[in-house]
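Per my numbering: the sequence shown = residues 544 to 837.
Note that CB positions come from ideal geometry on N, CA and C, so glycine has one too.
Just so it is clear, the structure is predicted and the values come from calculations on it, not from any experiment.
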Amino acid sequence: MSAPEPQPDGLPGGLPRRRSFFENTADMLRQEGARAGIVAVISTVVFFGGGFLLVVNSPNWPRVRDQFFNPDDFRESWPLVLDGFWLNIELFIYSMLTIPFVALLIAVMRSLRGPAFFPIRLLAVIFTDVFRGIPLILLILLLGFGVPALDIDGLPNSSTFWGMVALVLSYSAYTAEIYRSGIDAVPESQRSSARALGLTQWQSLRHAILPQAIRNVVPALMNTVVSLQKDVALIAVLGVRDAVREAQIYTTRTFNYTSYVVAAVLFLAISIPLTRFVDWYVARDRARRSQTLV
């Protein structure tokens, strides 16, 4: 049996090969022509160069540079802000692992059919409406300060814990609607066919509906991960010594804002790779769907 012939622009079997940035750029130049490529480069240089010159030639640029981009303050505040940033990473990981399961439970509760499940559907609707309607920062304040003040035996009194709970509840409400949109997008015939085979309503959801629904909404779910990574910084309003709080403490002590730039750099170091990974995954998923349709 002979080996499959390699495809001119892909892998054996017809699967698309991910093209590099330089290949895509070369294709763009070939399609639009060398003149268009030169115009694009010149316009980009003029746009960003003009913006840079406008900033550095502004009257207050020396003062702003010393207040926000001071190298000495950057080096001094870096270890402090980095120590607080590990707490942001920890909260992000715990929240990211918890939210999909809570949201899926809410989405399933809301997708149950029949009058007997009306109280469960109503509870899911109330959960979604309440925690989507309360601004996240306000929810963090309410839970982070309110619940520990109750001093109930058996409940944690940590503001950090309840700040994370607020993140989980708010994001679970939004994510549950993403799951529900995926469930609603599955053709009704799939549910009817499963019930015709003798499966219960839960078995139909588990084996026929949810696998298709989750696969359809994975790109949207990954975008919420990028947003969550940034919103964990809101926990600083509780006084928790995360990256933002450490930057604020340094600024209060030195009257210099470079520590906030340090915090911004640390968050960008996580959010930009996450964003690029989401873009890659979405493009890969779109290519797979196109191959399936063909």
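Ile752 and Arg734 closer than 8 Å at C-beta: By one-based count along the sequence shown, residue 752 stands at place 209. By one-based count along the sequence shown, residue 734 stands at place 191. For Ile752 and Arg734, yes; Cβs fall inside 8 Å.
Beta-carbon proximity list for Glu789, same chain, < 6 Å, skipping 5 on both sides: By one-based count along the sequence shown, residue 789 stands at place 246. Same-chain partners within the cutoff: Leu623, Val624, Gly627.
Where Thr824 falls, given that 16 or more other Cβ within 10 Å makes a residue buried: In the sequence shown, counting from the first residue as 1, residue 824 sits at position 281. Before going further, note that residue 824 is Tyr rather than Thr in the sequence given. So Tyr824 ends up on the exposed side.
Option in Thr641, Glu731, Ser747, Thr767 with minimal Cα separation from Glu720: Counted from its first residue, the sequence shown places residue 720 at position 177. Of the candidates Thr641, Glu731, Ser747, Thr767, the one whose C-alpha sits nearest the C-alpha of Glu720 is Thr767.
Identity of the residue in Glu619, Val708, Ile632, Phe617 nearest Ala776 by Cα: For the purposes of this step, residue 776 is taken as the residue at position 233 of the sequence shown. Per the Cα distances, Ile632.
Endpoints, alpha helix (DSSP H) assigned at Arg749: By one-based count along the sequence shown, residue 749 stands at place 206. Element bounds for Arg749: n/a, residue is neither H nor E.
Candidates Asp696, Val760, Gln744, Thr671: closest to Asp828 by CA position: By 1-based counting over the sequence shown, the position of residue 828 is 285. Comparing Cα positions, the closest option is Val760.
Which listed residue (Leu648, Ser736, Gly594) has its alpha carbon closest to that of Leu712: Counting from one through the sequence shown, the residue named residue 712 turns up at place 169. Among Leu648, Ser736, Gly594, the Cα nearest to that of Leu712 belongs to Leu648.
Between the CA atoms of Ala756 and Val729 - distance to the nearest angstrom: Within the sequence shown, the letter at position 186 stands for residue 729. Within the sequence shown, the letter at position 213 stands for residue 756. Between Val729 and Ala756, the C-alpha separation is close to 6 Å.
Cβ pair Tyr722, Ser638 closer than 8 Å: Taking the first residue of the sequence shown as position 1, residue 722 is located at position 179. Taking the first residue of the sequence shown as position 1, residue 638 is located at position 95. In this structure, Ser638 does not lie closer than 8 Å to Tyr722 by Cβ.
CA-to-CA distance, Ile642 to His750, given in whole angstroms: The residue you call residue 750 lines up with position 207 of the sequence shown. The residue you call residue 642 lines up with position 99 of the sequence shown. If you take the alpha carbons of His750 and Ile642, they lie about 22 Å apart.
8 Å Cβ cutoff met for Leu525 and Val780: The chain is shown from 544 up to 837; residue 525 falls before or after that span and cannot be answered.
CB of Leu681 within 8 Å of CB of Val708, strictly: Numbered from 1 along the sequence shown, position 138 holds the residue referred to as residue 681. Numbered from 1 along the sequence shown, position 165 holds the residue referred to as residue 708. Taking 8 Å as the Cβ cut-off, Leu681 and Val708 do not qualify as a contacting pair.
Where Pro549 falls, given that 16 or more other Cβ within 10 Å makes a residue buried: Taking the sequence shown and counting its residues from 1, one reaches residue 549 at position 6. Caution applies to Pro549, whose pLDDT of 48 falls short of 50 and renders its modelled position unreliable; the value that the coordinates give is listed next. Exposed is the call here.
Three-state secondary structure (DSSP) of Leu698: Within the sequence shown, residue 698 is the residue found at index 155, counting from 1. In this structure, Leu698 counts as coil in the three-state DSSP scheme.
Backbone CA spacing between Pro699 and Gly689 [nearest angstrom]: Mapped onto the sequence shown, residue 699 falls at position 156. Mapped onto the sequence shown, residue 689 falls at position 146. If I take the Cα positions, the gap works out to 12 Å.
Cβ-Cβ distance between Ile726 and Ala650 below 8 Å: On the sequence shown, residue 726 is found 183 positions in, with the first residue counted as 1. On the sequence shown, residue 650 is found 107 positions in, with the first residue counted as 1. Yes, Cβ-Cβ distance for Ile726 and Ala650 is below 8 Å.
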